[in-house]
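**Student:** Every position in the sequence shown, counted from 1, becomes a number in our numbering once 74 is added.
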Amino acid sequence: MNRILVLDYGSQFTQLIARRIREAHVYCEIHPAARGGDAAFVRAFQPKGIVFSGGPSSVFDPGAPTADPGILDLGIPVLGICYGMQLIAHLAGGKVEPSSEREYGRAEIVVREAGGGGPFAGPPTSIE
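Structure, rendered in structure tokens:
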């Protein structure tokens with residue numbers, strides 16, 4: 075069975091993320107972020123993919139929620155959204171740097187080089 079595990083790091087959109095996954099006819103469960111600290115639980119759940127939700131924390135905050143870095147070595151695709159992306163980068167040994175501004179809500183990005191193919195190849199060049 076295809077199963078997706080959503081770890082909730084406090085995002086107000088966690089339920090919406092799960093709903094969209096379910097609308098794609100994929101079984102999905104939401105669990106608290108603390109379950110991410112238990113690689114044995116994740117392994118036993120046998121997900122085909124994992125979503126680390128966003129949340130109000132920063133990986134720099136004392137006591138910020140985290141996950142077992144071993145989850146990244148299970149061979150299961152992991153999607154990080156907002157805080158979840160910061161956490162994946164941090165757990166993988168990447169460099170996470172604070173911004174001068176906190177970001178919330180809509181943001182505008184401009185793709186400066188789209189020539190290499192991939193999701194930003196061709197129009198549009200600005201995404202809102």
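Here a beta-carbon is modelled for each residue, glycine too, at the ideal position from N, C-alpha and C.
What three-state label does DSSP hand phenylalanine 115 in the structure shown?
**Tutor:** Within the sequence shown, numbered from 1, the residue matching residue 115 stands at position 41. In this structure, phenylalanine 115 counts as helix in the three-state DSSP scheme.
**Student:** What's the gap between the Cα of leucine 153 and the Cα of aspartate 135?
**Tutor:** Stepping through the sequence shown from its first residue, residue 153 is reached at position 79. Stepping through the sequence shown from its first residue, residue 135 is reached at position 61. Their Cα atoms are separated by approximately 21 angstroms.
**Student:** Considering only their Cβ atoms, is the gap separating glycine 110 from leucine 146 smaller than 8 angstroms?
**Tutor:** Position 72 of the sequence shown holds residue 146. Position 36 of the sequence shown holds residue 110. In this structure, glycine 110 does not lie closer than 8 angstroms to leucine 146 by Cβ.
**Student:** Is the beta carbon of phenylalanine 126 sitting closer than 8 angstroms to the one on arginine 77?
**Tutor:** Taking the first residue of the sequence shown as position 1, residue 126 is located at position 52. Taking the first residue of the sequence shown as position 1, residue 77 is located at position 3. No, the Cβ-Cβ distance between phenylalanine 126 and arginine 77 is not below 8 angstroms.
**Student:** Jot down the residue ranges of each uninterrupted beta strand (DSSP E) in the segment 133-171, minimum 3 residues, whole runs only, in chain order.
**Tutor:** Counting whole runs of 3 or more residues, the segment 133-171 contains the beta strand (DSSP E) stretches 152-154.
**Student:** Give the C-beta separation of alanine 166 and proline 139 to the nearest angstrom, bearing in mind that I take them to be a contact with Cβ-Cβ under 8 angstroms.
**Tutor:** Start at 1 with the first residue of the sequence shown, and residue 166 comes out as number 92. Start at 1 with the first residue of the sequence shown, and residue 139 comes out as number 65. Their Cβ separation, rounded to whole angstroms, is 17 angstroms, which puts alanine 166 and proline 139 out of contact at 8 angstroms.
**Student:** What did DSSP end up calling glutamate 175 once you bin it into helix, strand or coil?
**Tutor:** Walking along the sequence shown from the start, residue 175 turns up at place 101. DSSP places glutamate 175 in coil when its eight states are reduced to three.
**Student:** In this structure, how does DSSP classify arginine 94 when only helix, strand and coil are distinguished?
**Tutor:** By 1-based counting over the sequence shown, the position of residue 94 is 20. Note: arginine 94 maps to helix in three-state DSSP.
**Student:** Looking at the strands, I want to know which residues DSSP matches up with tyrosine 101.
**Tutor:** Counting from one through the sequence shown, the residue named residue 101 turns up at place 27. DSSP, once it has assigned bridges, lists Arg77 as partnering tyrosine 101.
**Student:** Would you mind giving the Cβ-Cβ distance between tyrosine 157 and glycine 129, rounded to the nearest angstrom? I have them listed as a contact below 8 angstroms.
**Tutor:** Walking along the sequence shown from the start, residue 157 turns up at place 83. Walking along the sequence shown from the start, residue 129 turns up at place 55. Contact holds; Cβ gap of about 4 angstroms.
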